[in-house]
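These notes concern the structure reproduced below.
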Amino acid sequence: MSGRTPAKVALGYVVAQVLGALVAVGMLWAVLMTLIDASTTAQALGAVANGYGENSTSQAGWSTVLLVEFVATTLFVLVVLGSTAPRANAVLAPVAIGASFAFLLTILAPFDGGSLNPARSTGTAVIGGVESLSQLWLFWVAPLLGGLVAGLIYRVVDLGRSPRRATVPPTEDATASTDTSIAPGA
Numbered sequence: 392m393s394g395r396t397p398a399k400v401a402l403g404y405v406v407a408q409v410l411g412a413l414v415a416v417g418m419l420w421a422v423l424m425t426l427i428d429a430s431t432t433a434q435a436l437g438a439v440a441n442g443y444g445e446n447s448t449s450q451a452g453w454s455t456v457l458l459v460e461f462v463a464t465t466l467f468v469l470v471v472l473g474s475t476a477p478r479a480n481a482v483l484a485p486v487a488i489g490a491s492f493a494f495l496l497t498i499l500a501p502f503d504g505g506s507l508n509p510a511r512s513t514g515t516a517v518i519g520g521v522e523s524l525s526q527l528w529l530f531w532v533a534p535l536l537g538g539l540v541a542g543l544i545y546r547v548v549d550l551g552r553s554p555r556r557a558t559v560p561p562t563e564d565a566t567a568s569t570d571t572s573i574a575p576g577a
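Spelled out as structure tokens, the structure:
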């Protein structure tokens with residue numbers, strides 16, 4: 392929505408993210424299975440799945456979780472887009488993105504386990520079981536809507552414009568003159 396990624400590339404990016412999340416949770420499963428039994432492994436990984444209602448630490452309802460995920464994702468995507476815009480200081484981008492991500496996850500965790508990323512939620516929902524999978528829709532809808540709104544805001548505010556050019560007029564260098572003609576009457 393911000394105009395920075397072609398739709399064809401974005402689709403491939405989403406598929407890669409989901410596959411990456413599934414591979415990551417599979418690897419965690421394999422590692423934990425060497426340390427603890429299958430039941431405890433499933434319980435440990437299922438505990439990090441996102442959820443609402445009875446699947447939420449705070450017992451927050453779906454509408455509350457939808458709202459907080461939507462607002463948090465909108466803010467996070469705005470930080471990402473703004474800090475990586477052509478006018479932004481590229482050196483500070485990772486600091487801004489990391490700090491905002493940590494802050495927002497701290498706020499979200501009590502509500503739903505903290506998502507901000509549908510791929511991450513998909514990976515943990517697969518391990519979380521039927522209840523987590525049945526609630527996965529919310530963790531796709533809220534971040535996608537948040538990203539949509541952030542992208543539109545980015546375009547409206549025009550954060551993507553090129554950096555401003557210097558407004559200082561160029562100075563003339565008298566020695567660089569190539570005019571060798573002699574003035575009349577000289």
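Numbering (this note's numbering), first residue to last: 392 to 577.
Glycine included, each C-beta is placed from N, C-alpha and C at the ideal position.
Check                                                                                    : Outcome
Three-state secondary structure assigned by DSSP to tryptophan 531                       : helix
Check whether threonine 513 and alanine 415 have beta carbons under 8 Å apart            : no
Arginine 546 versus methionine 392 - alpha carbon distance                               : 8 Å
Distance between beta carbons of leucine 507 and leucine 496, contact taken as under 8 Å : 7 Å
Threonine 504 (DSSP reduced to helix, strand or coil)                                    : The residue asked about is misnamed: residue 504 is glycine in this sequence, not threonine. If DSSP states are grouped into helix, strand and coil, glycine 504 belongs with coil.
Among Leu419, Glu445, Ala451, nearest to leucine 436 - alpha-carbon criterion            : Leu419
Secondary structure of valine 482, DSSP reduced to three states                          : coil
CB contact flag (aspartate 503, glycine 442, <8 Å)                                       : yes
Span separating the alpha-carbon of alanine 476 from that of valine 486                  : 14 Å
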